[in-house]
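According to UniProt numbering, the residues represented by the sequence shown are 1 to 518, in order.
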Amino acid sequence: MFFCILMNRPILTLLVVLLFTTIYGQQERLPADLRQHNLTTYNASLFNPAFSVGRNNPESVAFWSRWQWQGIDADPSTLFLNYTRSLNHRSAAGAGFFQHNTGIFFNTGAALNYAYTFELNSRVKLSVGANLFGFVQKLADDRFQVDPNLPLPLAPETNDFILQMAPGVSLEVERLTLSLASENLLDYNFTAKEGNTPKSDKIFMSLVSYDFPVSLGAATNAFLRPSMYLRTIPGQSNQVGFYTLLNTDEYYGQVGYNNFYGYTLGGGYTFFKRMTVGALMEIGTGASLQKETSFELMASYFLGSPDERHKMVGDDIDEDGKNPLEEIEEKQKEEKAGKDITDEAVIADEQLEQEKKEAEQARAEAEKMEQAHKMDSFKIKQAEAAALQKEQQRKIDSLAQTRAAAIEAAKKAEIAERESAIEPEAGEKYEEVHTEDGLEPGFYLIANVFGTQKYFDAFLVDLKRKGIQPKFFLRSKNGYQYVYLQRYDTIQEARKARDTGFGGKYTGKTWIFRVVSE
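Below, the structure written as structure tokens:
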């Protein structure tokens, strides 16, 4: 009977784990969670699946790895490779591969993510999401060896397949973010045909953060995000931590503290507006399980156009790359077009004056003829008067037609000049559309483009504080808010405003958006 019980695989596995735990019972065990508490931007959906809509910066591919209390020359204790794509401005989805060593088990599998945002009003957004993990679980190492003198059968290596659901919710009120997620709220072991973890072993994570826009010289989209989080770990004390993230379009840095793992310090840099590489180190303290240092490495690549990121400014503009010859040529074209319109108007006025003179001469000649011949017949006089009136009317009509034709030609020349193709300068950021809803033709000096409301509101407040009265429009193509400083009638005026920093009022980078027709 005892041997039959031992041959039962679930009971045998439990005995092995209990014996393993007893042998190493003098040491506090490592938490079984994913230890993803330092993820702030890319791969933040691993902390809370609702973050994939914004913080993951879709569309992107991101890689994260962690070495828990070991050097980076060893195998990572956790790694995660993830692809995130924005389905529309409210939802995003992702797929990834992960490996995780809990200290007892080694998990290898895939993860799927989906998140959706409900816009409750212009200031409040509610995002919900879920991660679905599917992985194979086996014992992490073979340090436990069965005593050959003990009549216990050797436990076979198990490869359990487990599905695990991790839901999350995030509430954004202007710049304030409140979030809650569970790493293993629902799970099922298909090999053992039972739940993988009891209700008492569920892991929950809550976070609160607030974004402060800051000015850092030429750095764009700079903000400071202090955050505080709480994690409930089965069988251990709750983890409390905080971090502060300083983020710009070109670089980021973060510092933090976790009451279990210790202090953190990390940073990264973005190359070519697409590829971001970063690193982080976590230094243990007296409150930690160990005082050794942990390391994390992160790399990401943004797949879409840099102009389509949820935090956007104008692309690089070569302010010193103007071609004087092209500038002179453009000026000459503009002067020639204006001269042609003026010449046509002068010719039309001269023709009108000549027609008037001819009409007066004809009238005078008719009167002389009438007086000279002194026609007795009233009908003849009436016929001549009618003929004269008809001739005068013909000349007046001809004069009016000539003037109308001249005015129409001038208008066509003006429209042709306005709709003529613009040749972008070398290195110049320039975009042109035929029409755009709600916009009149012209050249718009774009200062920033946003897909996120809170950054859009913060940018408007910052410009108004600098004495600038910005305007904006919603682009029908991508649903983003385009903030512009002013509209100009000619490309020369727009370029001059761009090159002079909007008359010295705006130090950020700008670019030109043209609407050709109504």
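Ideal Cβ placement from N, Cα and C applies to all residues, glycine included.
Cβ-Cβ distance between Ser-517 and Pro-424 below 8 Å
Start at 1 with the first residue of the sequence shown, and residue 517 comes out as number 517. Start at 1 with the first residue of the sequence shown, and residue 424 comes out as number 424. No; because the gap between Cβ atoms is not below 8 Å, this pair is not in contact.
Element boundaries [alpha helix (DSSP H), containing Asp-187]
For this step, residue 187 is matched to residue 187 along the sequence shown. Per DSSP, Asp-187 lies in no alpha helix (DSSP H); the unbroken beta strand (DSSP E) holding it starts and ends at 186–189.
Looking at C-alpha atoms only, which residue of Arg-465, Lys-477, Tyr-482 is the closest neighbour of Lys-471?
If you number the sequence shown from 1, residue 471 lands on position 471. The shortest Cα separation from Lys-471 among Arg-465, Lys-477, Tyr-482 belongs to Tyr-482.
Measure the C-alpha to C-alpha separation of Phe-204 and Phe-97 and round it to an integer number of angstroms.
Residue 204 sits at position 204 when you count from the first residue of the sequence shown. Residue 97 sits at position 97 when you count from the first residue of the sequence shown. Between Phe-204 and Phe-97, the C-alpha separation is close to 22 Å.
Nearest to Phe-272 by alpha carbon, out of Gln-99, Glu-250, Gly-266?
By 1-based counting over the sequence shown, the position of residue 272 is 272. When Gln-99, Glu-250, Gly-266 are compared, the shortest CA-CA separation from Phe-272 is found for Glu-250.
Taking the alpha-carbon positions, what's the Ala-366 to Leu-388 distance?
Residue 366 sits at position 366 when you count from the first residue of the sequence shown. Residue 388 sits at position 388 when you count from the first residue of the sequence shown. The straight-line gap from Cα to Cα measures roughly 7 Å.
Nearest by alpha-carbon distance to Phe-161: which of Ala-192, Thr-276, Arg-498, Ala-404 is it?
Along the sequence shown, one-based indexing puts residue 161 at 161. Comparing Cα positions, the closest option is Ala-192.
Going by CA-CA distance only, name the one from Gly-508, Phe-513, Leu-246, Glu-59 that's closest to Leu-224.
Sequence index remark: in the sequence shown, residue 224 carries index 224 (1-based). Closest option to Leu-224, Cα to Cα, is Leu-246.
Output the distance between the C-alpha atoms of Gly-503 and Ala-497, rounded to the nearest integer angstrom.
Taking the sequence shown and counting its residues from 1, the one referred to as residue 503 is at position 503. Taking the sequence shown and counting its residues from 1, the one referred to as residue 497 is at position 497. In a straight line, the C-alpha of Gly-503 is about 6 Å away from that of Ala-497.
Whole-angstrom C-beta distance between Phe-302 and Asn-121, which should lie under 8 Å
Taking the first residue of the sequence shown as 1, we reach residue 121 at position 121. Taking the first residue of the sequence shown as 1, we reach residue 302 at position 302. The pair is not a contact, with the Cβ atoms about 30 Å apart (cut-off 8 Å).
At least three beta-carbon pairs within less than 8 Å, the region 211–219 to the region 39–57
Taking 8 Å as the limit for Cβ pairs, the verdict is that the region 39–57 does not touch the region 211–219.
Is the beta carbon of Asn-131 sitting closer than 8 Å to the one on Asn-113?
Locating residue 131 in the sequence shown gives position 131, counting from the first residue. Locating residue 113 in the sequence shown gives position 113, counting from the first residue. Contact flag set, yes.
Candidates Lys-411, Gly-256, Val-433, Ser-91, of which the one nearest Glu-119 by Cα
Counting from one through the sequence shown, the residue named residue 119 turns up at place 119. The residue with the shortest Cα to Cα distance from Glu-119 is Ser-91.
Cα-Cα separation between Gly-508 and Thr-293, rounded to whole angstroms:
The residue labelled residue 508 in the question sits at position 508 within the sequence shown. The residue labelled residue 293 in the question sits at position 293 within the sequence shown. If I take the Cα positions, the gap works out to 40 Å.
For the region 391–451, which segments carrying the beta strand (DSSP E) assignment without a break, of at least 3 residues, lie completely within its bounds, in sequence order?
Listed in chain order, they are 430–433, 442–450.
Where does Gly-168 fall in DSSP's three states?
Reading the sequence shown from its first residue, position 168 is the one you call residue 168. Gly-168: strand per DSSP, three-state reduction.
Identity of the residue in Gly-501, Phe-63, Gln-492 nearest Val-277 by Cα
Counting from 1 along the sequence shown, the entry for residue 277 is found at position 277. Considering only alpha carbons, the answer is Phe-63.
Tell me whether Asp-100 is buried or exposed, calling it buried when 16 or more other Cβ atoms sit within 10 Å of its Cβ.
Here residue 100 is taken as the residue at index 100 of the sequence shown, counted from 1. First, the amino acid is wrong: residue 100 is His here, not Asp. Answer is buried; the Cβ neighbour count reaches 16.
Are Glu-358 and Lys-390 closer than 8 Å when you measure CB to CB?
Start at 1 with the first residue of the sequence shown, and residue 358 comes out as number 358. Start at 1 with the first residue of the sequence shown, and residue 390 comes out as number 390. No, they are not a contact pair.
Beta-carbon separation of Ile-422 and Trp-511 under 8 Å?
Numbered from 1 along the sequence shown, position 422 holds the residue referred to as residue 422. Numbered from 1 along the sequence shown, position 511 holds the residue referred to as residue 511. Using a Cβ distance threshold of 8 Å, Ile-422 and Trp-511 do not count as a contacting pair.
Using only CA atoms, which one of Asp-499, Lys-466, Ala-337, Val-515 lies nearest to Arg-487?
What you label residue 487 is simply residue 487 of the sequence shown in a count that begins at 1. Scanning Asp-499, Lys-466, Ala-337, Val-515 for the CA closest to the CA of Arg-487 turns up Val-515.
Chain-order list of residues whose beta-carbon lies under 6 Å from that of Leu-171 (same chain, five-residue window excluded)
Start at 1 with the first residue of the sequence shown, and residue 171 comes out as number 171. Leu-126, Leu-178, listed in sequence order.
Could you tell me if Tyr-484 is buried or exposed, where buried requires 16 or more neighbouring beta carbons within 10 angstroms of its beta carbon?
Taking the sequence shown and counting its residues from 1, one reaches residue 484 at position 484. It is buried - the Cβ of Tyr-484 has at least 16 other Cβ atoms within 10 Å.
I need the DSSP call for Lys-464, collapsed to helix, strand or coil.
In the sequence shown, residue 464 corresponds to position 464, counting from 1. Residue state, collapsed to three classes: helix.
Alpha carbon of Gln-401 to alpha carbon of Glu-408, nearest angstrom
The residue you call residue 401 lines up with position 401 of the sequence shown. The residue you call residue 408 lines up with position 408 of the sequence shown. Approximately 10 Å between the Cα atoms of the pair.
Element boundaries [beta strand (DSSP E), containing Gly-94]
Within the sequence shown, residue 94 is the residue found at index 94, counting from 1. Start and end: 91–101.
Taking DSSP as the reference, what is the three-state secondary structure of Ile-104?
Numbered from its first residue, the sequence shown carries residue 104 at position 104. In the structure shown, Ile-104 adopts coil according to DSSP, grouped into three states.
Member of Gly-195, Ala-140, Thr-158, Ala-426 whose CA lies at the smallest distance from the CA of Met-165:
By one-based count along the sequence shown, residue 165 stands at place 165. Answer by Cα proximity: Gly-195.
Terminal residues of the alpha helix (DSSP H) in which Gln-492 lies
Taking the first residue of the sequence shown as position 1, residue 492 is located at position 492. That run of the alpha helix (DSSP H) goes 491–499.
CA-to-CA distance, Leu-297 to Asp-499, given in whole angstroms:
Walking along the sequence shown from the start, residue 499 turns up at place 499. Walking along the sequence shown from the start, residue 297 turns up at place 297. Each residue's Cα considered, the two are about 40 Å apart.
Rounded separation between Tyr-455 and Arg-85 - CA only
To locate residue 455, count along the sequence shown from 1; it is residue 455. To locate residue 85, count along the sequence shown from 1; it is residue 85. If you draw a straight line from the Cα of Tyr-455 to the Cα of Arg-85, it comes to about 21 Å.
Leaving out the 5 sequence neighbours to the left and right, which residues in its chain are closer than 7 Å to Tyr-506 when beta-carbon positions are compared?
The sequence position of residue 506 within the sequence shown is 506, counting from 1. Cβ within range, chain order: Ala-447, Ile-468, Leu-485.
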